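Residue numbers (the UniProt record's numbering): 1 to 757. Note that the Cβ used here is the ideal one computed from N, Cα and C, for glycine as well. All values derive from a computational prediction rather than experimental measurement. Below is one structure; the comments refer to it alone.
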Amino acid sequence: MPSLNGKTDVIFMPRIWLDYCQFLVSQCKITRSRRTFDRALRALPVTQHPRIWPLYLRFVRNLPLPETAIRVYRRYLKLSPENTEEYIDYLRSVGRLDEAAVRLGAVVNDESFVSKEGKSNYQLWHELCDLISQNPDKVTSLNVGAIIRGGLTRFTDQLGKLWCSLADYYIRSGHFEKARDVYEEAILTVVTVRDFTQVFDSYAQFEESMIAAKMETTAEIGQDEDDDIDLELRLARFEQLIARRPLLLNSVLLRQNPHNVHEWHKRVKLYEGNPRQIINTYTEAVQTVDPMKATGKPHSLWVSFAKFYEENEQLDDARTIFEKATKVNYKQVDDLATVWCEYGEMELRHENYEQALRILRKATAIPSKKAEYFDASEPVQNRVYKSLKVWSMLADLEESLGTFQSTKAVYDRIIDLRIATPQIIINYAMFLEEHNYFEESFKAYERGIALFRWPNVYDIWNTYLTKFIDRYGGKKLERARDLFEQALDGCPAKFAKTIYLLYAKLEEEYGLARHAMAVYERATEAVETQERHHMFNIYIKRAAEIYGVTYTRAIYQKAIEVLPDEHARDMCLRFADMESKLGEIDRGRAIYSYCSQICDPRVTAEFWQTWKEFEIRHGNEDTIREMLRIKRSVQATYNTQVNFMSSQMMKATTSSTGTVSDLAPGQLGIDDMKMLEQKAQQLAAEAEQDKPKPKEKILFVRSDTSRSELAELSKQANPDEIDIDDDDEDDEDHGPDEVQLEQKSVPTAVYGGLKDD
Numbered sequence: 001m002p003s004l005n006g007k008t009d010v011i012f013m014p015r016i017w018l019d020y021c022q023f024l025v026s027q028c029k030i031t032r033s034r035r036t037f038d039r040a041l042r043a044l045p046v047t048q049h050p051r052i053w054p055l056y057l058r059f060v061r062n063l064p065l066p067e068t069a070i071r072v073y074r075r076y077l078k079l080s081p082e083n084t085e086e087y088i089d090y091l092r093s094v095g096r097l098d099e100a101a102v103r104l105g106a107v108v109n110d111e112s113f114v115s116k117e118g119k120s121n122y123q124l125w126h127e128l129c130d131l132i133s134q135n136p137d138k139v140t141s142l143n144v145g146a147i148i149r150g151g152l153t154r155f156t157d158q159l160g161k162l163w164c165s166l167a168d169y170y171i172r173s174g175h176f177e178k179a180r181d182v183y184e185e186a187i188l189t190v191v192t193v194r195d196f197t198q199v200f201d202s203y204a205q206f207e208e209s210m211i212a213a214k215m216e217t218t219a220e221i222g223q224d225e226d227d228d229i230d231l232e233l234r235l236a237r238f239e240q241l242i243a244r245r246p247l248l249l250n251s252v253l254l255r256q257n258p259h260n261v262h263e264w265h266k267r268v269k270l271y272e273g274n275p276r277q278i279i280n281t282y283t284e285a286v287q288t289v290d291p292m293k294a295t296g297k298p299h300s301l302w303v304s305f306a307k308f309y310e311e312n313e314q315l316d317d318a319r320t321i322f323e324k325a326t327k328v329n330y331k332q333v334d335d336l337a338t339v340w341c342e343y344g345e346m347e348l349r350h351e352n353y354e355q356a357l358r359i360l361r362k363a364t365a366i367p368s369k370k371a372e373y374f375d376a377s378e379p380v381q382n383r384v385y386k387s388l389k390v391w392s393m394l395a396d397l398e399e400s401l402g403t404f405q406s407t408k409a410v411y412d413r414i415i416d417l418r419i420a421t422p423q424i425i426i427n428y429a430m431f432l433e434e435h436n437y438f439e440e441s442f443k444a445y446e447r448g449i450a451l452f453r454w455p456n457v458y459d460i461w462n463t464y465l466t467k468f469i470d471r472y473g474g475k476k477l478e479r480a481r482d483l484f485e486q487a488l489d490g491c492p493a494k495f496a497k498t499i500y501l502l503y504a505k506l507e508e509e510y511g512l513a514r515h516a517m518a519v520y521e522r523a524t525e526a527v528e529t530q531e532r533h534h535m536f537n538i539y540i541k542r543a544a545e546i547y548g549v550t551y552t553r554a555i556y557q558k559a560i561e562v563l564p565d566e567h568a569r570d571m572c573l574r575f576a577d578m579e580s581k582l583g584e585i586d587r588g589r590a591i592y593s594y595c596s597q598i599c600d601p602r603v604t605a606e607f608w609q610t611w612k613e614f615e616i617r618h619g620n621e622d623t624i625r626e627m628l629r630i631k632r633s634v635q636a637t638y639n640t641q642v643n644f645m646s647s648q649m650m651k652a653t654t655s656s657t658g659t660v661s662d663l664a665p666g667q668l669g670i671d672d673m674k675m676l677e678q679k680a681q682q683l684a685a686e687a688e689q690d691k692p693k694p695k696e697k698i699l700f701v702r703s704d705t706s707r708s709e710l711a712e713l714s715k716q717a718n719p720d721e722i723d724i725d726d727d728d729e730d731d732e733d734h735g736p737d738e739v740q741l742e743q744k745s746v747p748t749a750v751y752g753g754l755k756d757d
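Here's what the structure looks like:
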């Protein structure tokens with residue numbers, strides 16, 4: 001083997017070199033080890049150098065000779081530049097921060113560099129900023145200000161940290177005024193609240209530290225006049241900074257969105273008490289905000305600007321602002337209409353009535369080029385003539401300040417433009433009525449009816465019909481009837497009730513009773529389902545007052561047929577009560593019997609109690625038996641329906657999934673189907689017991705139940721029972737006595753309006 005010390009060192013065995021170098025390192029032979037590492041690198045091919053360098057670098061890092069290690073690292077980075085971060089960490093550990101900053105700056109500017117530690121370019125940049133800003137006295141080879149400002153343009157989402165790093169650099173360098181300038185520049189350029197908060201908090205902390213340092217210095221050295229002035233100046237600067245915070249934050253928000261109307265209004269409030277700044281702010285706002293991009297209502301800036309001049313009694317300036325505001329191309333027609341209305345209201349507040357009328361007439365003048373209200377391709381100035389807001393205010397002013405003809409012309413123009421609302425129509429008609437133009441007012445109603453459809457036309461019809469009846473009463477009955485028929489033609493059920501009641505009232509007061517009854521009859525069919533019960537009640541009440549209670553029988557029958565069960569039950573009770581008062585006991589009993597079919601005894605116990613009391617007063621043992629039989633029959637019917645539904649549900653469930661008994665027969669005993677079968681057998685047995693027995697008196701219910709109930713009922717007195725004395729046969733010698741029959745007067749309601757009082 002050739003000598004390692006000779007001239008022939010070409011040995012391509014890295015293992016031997018590694019062992020030899022390791023041996024020399026362990027012997028602490030620094031110079032000889034370094035030279036041996038160099039010879040190994042020269043002797044081995046480049047492809048085997050990565051086996052030597054780790055041991056070499058570990059050797060030089062452990063040496064107390066930074067310069068040697070730096071030179072070795074520089075050679076190593078020419079072969080492996082991707083390991084620059086390792087070199088930078090070593091430089092920072094030995095205090096060579098200037099070269100560390102230079103190397104880190106080169107890494108940041110190299111877009112192709114990939115960090116082995118997984119750091120992003122921003123993280124490396126942030127490390128560079130911290131390094132150069134926190135060590136201004138050790139980093140001299142770099143232009144710190146230029147580097148950080150370059151980062152401001154590259155990393156726009158982290159401006160707050162970068163500005164603070166730049167200011168921190170100047171603070172550590174002792175350039176306090178430059179640091180303050182940096183903070184001021186930062187808070188006037190950042191565009192996010194987060195960055196502003198970071199910069200402002202750092203700025204405030206800097207000012208506090210300056211004040212604290214000055215106070216400590218004064219306390220140690222002593223206090224003189226210059227120190228007092230300097231301290232007061234710093235305190236004033238700090239207080240001013242804190243007071244400026246809301247305004248500075250508002251500026252940040254406006255830099256984010258200069259078209260934010262709400263923030264402009266807040267800025268004006270911040271300048272409260274400073275008229276010059278308020279005027280400048282309004283001027284800047286109206287020049288900056290683009291109505292097409294605005295967030296909020298841009299016209300409110302113009303209106304507030306004009307009101308500011310008005311509050312300061314500068315009406316000419318306020319008029320100038322309004323005139324300029326009317327020429328702005330707003331996004332919505334309503335914005336321009338609001339400006340015109342505010343302009344007119346300002347003149348009204350100062351009692352310039354003619355000027356206000358002139359302004360609104362100018363606003364509603366027909367432009368040279370007409371346009372549709374919603375045609376966005378045309379400017380709002382060509383569309384404002386169709387704004388109802390401006391026309392409504394003009395109509396109000398004309399009513400108060402103008403003449404009858406001018407007001408009428410305004411209303412007619414509104415209707416011709418087809419921008420009227422039902423309220424406008426009603427206001428127009430009321431205006432004509434106040435001036436005794438009744439037929440003109442009715443024509444206004446009819447024009448409004450022609451413009452609108454249901455349900456919007458309801459208010460017009462209701463007011464029209466009421467005013468017509470109040471005006472003419474029964475003088476123009478046929479015309480009134482035609483109006484009502486027109487109103488009811490196509491009227492939705494939701495609005496029919498009021499019109500039908502008004503129609504019926506007209507017929508009752510000025511027409512024929514049978515016509516009124518016909519109207520009520522139609523109303524019960526035309527109104528909504530939930531309103532029919534109330535309508536039938538009104539129908540029955542009016543029919544009883546006009547024709548007598550006997551006329552209401554047909555109405556009751558129809559109501560029972562068409563109303564739902566809940567309301568039909570109430571009608572049946574009232575119908576039966578009426579028949580019993582008229583002495584028609586059998587008719588009342590038949591009504592109860594009919595109604596019982598829709599009364600489940602478990603739910604409607606009140607009905608059965610009422611029927612029971614009726615039979616106690618007017619019936620006998622047979623009728624009570626019949627009532628009890630019907631009650632049991634109805635209850636059995638409802639029970640059967642419930643059982644049938646239950647069995648169907650059980651059948652559907654078991655057919656799809658099967659029962660536990662099917663899967664494990666004999667384990668659960670009687671299943672649900674068997675229980676239902678037993679219930680059916682029990683009901684059949686009860687029905688068998690209810691059949692009449694041949695040897696006994698015919699009974700409609702089971703004898704045991706009926707006897708107990710009849711025994712209880714027999715104790716109660718029957719007011720209609722005729723008392724027949726059993727001792728009459730013994731008293732035949734004394735002559736027959738007259739039977740005293742109870743007499744009842746026929747109710748007056750039976751005769752209705754036929755009988756005189």
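Terminal residues of the alpha helix (DSSP H) in which residue i lies
| i | result |
| --- | --- |
| Glu372 | Here Glu372 belongs to no alpha helix (DSSP H), and DSSP marks it neither H nor E. |
| Asp600 | From DSSP, Asp600 is part of no alpha helix (DSSP H); its letter is neither H nor E. |
| Trp125 | 121-134 |
| Cys28 | Careful: Cys28 lies outside any alpha helix (DSSP H) and carries neither H nor E. |
| Ser173 | 159-173 |
| Gly448 | 438-451 |
| Ile538 | 529-547 |
| Lys581 | 565-581 |
| Ser300 | 299-311 |
| Leu91 | 84-94 |
| Lys327 | Segment: none, Lys327 is in no alpha helix (DSSP H) and carries neither H nor E. |
| Gly105 | 97-109 |
Inter-residue Cα distance where the pair is residue i and residue j
| i | j | result |
| --- | --- | --- |
| Ala219 | Asp226 | 14 Å |
| Arg245 | Val380 | 40 Å |
| Arg471 | Thr529 | 34 Å |
| Asp728 | Leu628 | Below a pLDDT of 50, predicted positions are generally treated as unreliable, and Asp728, at 43, falls in that range; the measurement from the model is reported next regardless. One C-alpha to the other measures close to 35 Å. |
| Leu188 | Arg194 | 14 Å |
| Lys691 | Ala590 | Unreliable placement is indicated for Lys691, whose pLDDT of 46 sits below 50; the coordinate value is still reported in the next sentence. For Lys691 and Ala590, the distance between alpha carbons rounds to 24 Å. |
| Ala356 | Pro422 | 26 Å |
| Asn109 | Glu216 | 44 Å |
| Gln256 | Leu249 | 11 Å |
| Trp17 | His49 | 11 Å |
| Trp264 | His175 | 36 Å |
| Glu398 | Ser406 | 7 Å |
| Thr403 | Leu502 | 35 Å |
| Leu388 | Leu417 | 10 Å |
| Ser114 | Ala106 | According to the sequence as given, residue 114 is Val; it is not Ser. Using only the alpha carbons, I get a separation of about 13 Å. |
| Met578 | Met393 | 60 Å |
| Leu247 | Ala69 | 55 Å |
| Lys324 | Asp316 | 12 Å |
| Glu239 | Tyr373 | 54 Å |
Reference residue i; option with closest CA among the options
| i | options | result |
| --- | --- | --- |
| Lys612 | Leu249, Val603, Ile624, Asp317 | Ile624 |
| Ala576 | Leu563, Val562, Gln557, Asp565 | Gln557 |
| Ile426 | Arg418, Arg447, Arg413 | Arg447 |
| Asn274 | Pro298, Leu241, Phe308 | Phe308 |
| Leu573 | Tyr592, Glu584, Pro564 | Tyr592 |
| Trp454 | Lys386, Lys494, Glu621 | Lys494 |
| Phe536 | Leu235, Phe442, Thr550, Val562 | Val562 |
| Leu360 | Glu347, Pro64, Thr637 | Glu347 |
| Ile546 | Tyr330, Ala523, Arg532, Leu512 | Leu512 |
| Pro64 | Arg39, Ser93, Asp89 | Ser93 |
8 Å contact criterion, which residue i and residue j should meet: CB distance rounded
| i | j | result |
| --- | --- | --- |
| Val182 | Trp163 | 7 Å |
| Tyr510 | Tyr539 | At roughly 19 Å, the Cβ-Cβ gap does not stay under 8 Å, so Tyr510 and Tyr539 are not in contact. |
| Ile460 | Ile469 | About 15 Å; that fails the 8 Å criterion. |
| Ile366 | Tyr385 | 6 Å |
| Met517 | Ala543 | 6 Å |
Which runs of the alpha helix (DSSP H), 4 residues or longer, sit entirely within the stretch 197-268?
225-256
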